[in-house]
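Here's the structure we're looking at; comments come further down.
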Amino acid sequence: MKSGAKRFRVDFDVIEAWVEPETRILDLGCGDGTLLARLRDNNRITGYGVEISVHNIIACIDKGVPVIQADLDTGLQDFERDSVDFVVLSQTLQAIRYPHYLLREMLRVGREAIVSFPNIGHWLARTQLCLGGRMPRTPSLPYNWYNTPNIHLHTLRDFESLCHKEDIEILERRVLDRHGRSGMLARDVPNLFGATAMYRIQRGPGMTF
Amino acid sequence: MPERIPEDSVGIVEGASEHFAEPLELESGERLEAFDLAYETYGALNAERSNAVLVCHALSGDQHAAGYQSMEDRKPGWWDNMIGPGKPLDTERFFVVCVNVLGSCKGSTGPSSTNPATGEPYGLDFPIVTVKDWVASQVRLQDRLGIPRWRAVVGGSLGGMTAMQWAIDFPERLDACVVVAAAPKLSAQNIAFNEVARQAIMTDPEFHGGRYYGHDKPRRGLALARMIGHITYLSEDAMRDKFGRDLRKGQPLSYGFDVDFEVESYLRYQGRRFVDRFDANSYLYLTKVLDYYDPAAEFDGDLARAFAGSDNRFLVIAFSSDWRFAAERSREITRALYANNLEVSFAEIEAPQGHDAFLLKIGPYHDMVSTFMNRVAREADL
Chain A
2 MKSGAKRFRV DFDVIEAWVE PETRILDLGC GDGTLLARLR DNNRITGYGV EISVHNIIAC
62 IDKGVPVIQA DLDTGLQDFE RDSVDFVVLS QTLQAIRYPH YLLREMLRVG REAIVSFPNI
122 GHWLARTQLC LGGRMPRTPS LPYNWYNTPN IHLHTLRDFE SLCHKEDIEI LERRVLDRHG
182 RSGMLARDVP NLFGATAMYR IQRGPGMTF
Chain B
510 MPERIPEDSV GIVEGASEHF AEPLELESGE RLEAFDLAYE TYGALNAERS NAVLVCHALS
570 GDQHAAGYQS MEDRKPGWWD NMIGPGKPLD TERFFVVCVN VLGSCKGSTG PSSTNPATGE
630 PYGLDFPIVT VKDWVASQVR LQDRLGIPRW RAVVGGSLGG MTAMQWAIDF PERLDACVVV
690 AAAPKLSAQN IAFNEVARQA IMTDPEFHGG RYYGHDKPRR GLALARMIGH ITYLSEDAMR
750 DKFGRDLRKG QPLSYGFDVD FEVESYLRYQ GRRFVDRFDA NSYLYLTKVL DYYDPAAEFD
810 GDLARAFAGS DNRFLVIAFS SDWRFAAERS REITRALYAN NLEVSFAEIE APQGHDAFLL
870 KIGPYHDMVS TFMNRVAREA DL
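Going line by line, the protein sequences match chains A and B. Read left to right, the first sequence gives residues 2 to 210 (my numbering). Read left to right, the second sequence gives residues 510 to 891 (my numbering).
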């Protein structure tokens with residue numbers, strides 16, 4: 002798993018609103034366990050973090066957040082089918098080697114999945130590439146092209162077309178602007194003004210494992 | 510010997526022993542009419558008797574886990590880097606107990622103990638014991654010491670397997686369980702190595718069917734068994750780093766069958782040293798304990814069901830270069846705990862040392878245990 006992508010607290014609020022209390026969740030790329038500790042304390046949600054960094058694993062243990070070391074690029078084979086209610090992947094999909102495979106894995110393990118990612122279709126990124134002729138660097142994508150962990154950047158439209166292809170059903174979408182707000186522009190022209198995209202997804206009728 | 514006792518050591522320690530006159534019904538169907546358990550303790554039991562931690566030792570370990578038994582000791586106890594003031598099992602906060610297992614030879618009843626029925630050492634008349642029997646015997650000690658609940662049961666290798674058995678058989682008698690470099694059961698390869706070790710002992714002409722007490726003991730067989738064990742404790746990389754193809758004391762090849770290479774010298778030394786401190790019959794019994802360990806067996810091989818009664822929290826740790834009990838075996842344990850919705854954290858620590866890594870002070874490993882135990886202490890208001 003990649004821990005390079007910075008997590009934005011802004012999407013934690015939405016995740017907290019989306020995850021039902023007293024459920025069981027998996028937080029993929031859970032970092033230091035902040036989200037899980039918060040969901041446990043506020044919503045009596047039990048859950049496990051999945052992390053690759055030992056440093057972060059120790060931080061999770063310190064918070065009392067159970068955490069299992071795994072590399073998300075190799076899938077979720079330690080986790081049984083339908084073993085949790087929600088699988089969360091916050092700001093990490095773009096750093097995964099096979100995003101479509103991980104999405105399938107998430108929906109195998111969880112009843113629902115929550116995915117958030119930085120939108121490379123944001124106007125700032127588009128301007129940098131179109132007018133500046135350089136790979137974009139934005140507050141949510143601060144890396145250079147050669148050292149970025151974000152190897153699979155995509156737009157909202159890209160994501161939705163993948164969901165369609167994989168028979169993944171989108172239950173809800175929330176688009177946040179650069180300030181973490183769900184303003185009118187981000188709502189109306191999301192692929193241009195959304196900095197962070199968030200989706201609640203579930204298995205479509207044709208999805209088999 | 511230590512010139513002076515280091516500040517983070519538990520210092521000079523004194524062993525203790527308890528006798529249990531009530532018979533112990535064993536898993537094999539046999540019974541042990543009475544038995545002794547030898548143990549050491551570090552730190553102080555608090556007034557509420559709520560700060561006790563049990564440490565379980567591995568195959569060739571014993572109850573002397575930390576500190577020095579005398580100023581003449583060359584080395585401290587086997588887990589001295591883990592147990593002591595300010596160490597992961599912090600004796601300023603926890604009362605740490607380590608018990609010698611039944612079948613061993615360090616003061617607890619085993620094949621070298623006197624059989625009350627004959628007045629002679631048991632030898633191979635000692636009943637086969639299992640990890641389940643060990644836990645049952647240690648429960649008696651827990652009660653004798655007046656400890657209602659261990660804050661944690663902690664162990665590496667066979668000790669980790671013992672810790673798991675505690676959580677399976679007596680989940681109400683512990684909070685947390687720390688399982689390091691263990692496996693849910695032995696593989697065919699593991700059993701094969703154990704069998705070679707046993708054959709080395711039993712085919713030694715001095716073995717005499719285990720009735721060698723008072724005579725020459727099967728030194729060569731036991732030394733050979735230990736040499737085989739040692740090969741499985743180290744990774745290939747660790748052996749290469751430690752010895753490579755270095756010749757002994759820089760001498761030329763002997764073109765004979767004397768010791769040429771440092772690795773040969775090392776193995777022979779380890780073998781010889783072991784013979785002086787360990788009983789060959791005990792080695793037979795303890796390798797059998799390992800072979801028989803399979804807590805999932807009574808649940809149709811489903812390890813998850815074995816943990817169904819547990820409400821404990823777990824820390825499972827494996828080491829990347831351990832091929833004796835590979836990280837994948839610890840993942841099996843973790844999966845079974847996860848399937849029961851139990852609190853479990855698992856990590857595979859990058860370490861080149863092989864299985865022996867669990868005995869070493871490896872930063873992230875010790876930090877993990879330390880952080881976990883701090884959490885255990887905080888939640889118990891210690």
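Just so it is clear, CB atoms sit at the ideal spot from N, CA and C, and this is done for glycine as well.
Query, Result
"Cβ pair Asn821 of chain B, Pro714 of chain B closer than 9 Å", "no"
"Euclidean distance between Cα positions of Met877 of chain B and Ser830 of chain B", "18 Å"
"CA-to-CA distance, Arg729 of chain B to Asp788 of chain B, given in whole angstroms", "12 Å"
"Contact between the stretch 620-629 of chain B and the stretch 685-699 of chain B (3+ Cβ pairs under 8 Å)", "no"
"Near-chain B residues of the stretch 68-85 of chain A - C-beta to any C-beta below 8 Å", "Val68, Ile69, Gln70, Asp79, Phe80, Glu81, Ser84"
"Any 3 or more C-beta pairs closer than 8 Å across the stretch 49-59 of chain A and the stretch 27-36 of chain A", "yes"
"Neighbouring residues, chain A, relative to Ile740 of chain B (Cβ below 8 Å)", "Ordered by position in chain A, no residue passes the 8 Å Cβ test against Ile740 of chain B, which lies about 28 Å from the chain."
"CB of Asp582 of chain B within 9 Å of CB of Val519 of chain B, strictly", "no"
"Whole-Å CB distance - Asp545 of chain B paired with Ser617 of chain B, under 8 Å assumed", "6 Å"
"Given 8 Å, three or more beta-carbon pairs between the stretch 527-545 of chain B and the stretch 556-570 of chain B", "no"
"Cα-Cα separation between Val20 of chain A and Gly50 of chain A, rounded to whole angstroms", "15 Å"
"Simplified DSSP assignment, three categories, for Val519 of chain B", "coil"
"CB contact check: Arg884 of chain B to chain A, cutoff 9 Å", "yes"
"Host alpha helix (DSSP H) of Val110 of chain A (start-end)", "100-110"
"Segment contact, 8 Å Cβ cut-off, at least three pairs: the stretch 649-665 of chain B with the stretch 795-808 of chain B", "no"
"Counted within 10 angstroms of its Cβ, other Cβ atoms place Leu683 of chain B as buried (16 or more) or exposed", "buried"
"Residue-chain proximity (His56 of chain A, chain B), Cβ-Cβ < 9 Å", "yes"
"Separation of Asp678 of chain B from Ala815 of chain B, as counted between CA atoms", "9 Å"
"Partners in chain B for Thr47 of chain A, counting only beta-carbon separations shorter than 9 Å", "Asn850, Glu852"
"is_contact[His155 of chain A, chain B] using C-beta, thresh 9 Å", "no"
"C-beta atoms of His864 of chain B and Ser666 of chain B nearer than 9 Å", "yes"
"Presumed contact (8 Å Cβ cut-off) between Ile69 of chain A and Phe87 of chain A, rounded CB distance", "Between Phe87 of chain A and Ile69 of chain A the Cβ distance is about 16 Å, and since that is not below 8 Å, they are no contact."
"9 Å Cβ cutoff, Ser891 of chain B in contact with chain A", "The sequence as given places Leu at residue 891 of chain B; Ser does not occur at that position. So, not an interface residue."
"C-alpha gap between Gly753 of chain B and Met882 of chain B, whole angstroms", "38 Å"
"Under 7 Å (Cβ pairs) to chain A, residues found in the stretch 864-884 of chain B", "Pro873, Asp876, Met877, Thr880, Phe881, Arg884"
"Selected residue, minimal CA-CA separation from Phe828 of chain B, among B:Tyr874, B:Gly810, B:Met673", "B:Tyr874"
"Tyr847 of chain B: first and last residue of the uninterrupted beta strand (DSSP E) it sits in", "Not the beta strand (DSSP E): Tyr847 of chain B falls in the alpha helix (DSSP H), residues 836-848."
"Short CB-CB distance (under 9 Å) between Arg25 of chain A and chain B", "yes"
"Listed by chain order, chain A residues near Glu857 of chain B by CB distance under 8 Å", "Gln70"
"8 Å contact criterion, which Ala734 of chain B and Ile700 of chain B should meet: CB distance rounded", "Between Ile700 of chain B and Ala734 of chain B the Cβ distance is about 14 Å, and since that is not below 8 Å, they are no contact."
"His155 of chain A vs Ala96 of chain A beta-carbon contact at 9 Å", "no"
"Minimum Cβ-Cβ distance from Asp63 of chain A to chain B less than 9 Å", "yes"
"is_contact[Tyr722 of chain B, chain A] using C-beta, thresh 9 Å", "no"
"Member of B:Thr880, B:Leu743, B:Leu598, B:Thr623 whose CA lies at the smallest distance from the CA of Ala574 of chain B", "B:Leu598"
"Contacts that Ile59 of chain A makes with chain B (C-beta to C-beta distance below 8 Å)", "Pro873, Asp876, Met877, Thr880"
"Cβ-Cβ separation, Trp832 of chain B to Ser744 of chain B (assumed contact under 8 Å), whole Å", "7 Å"
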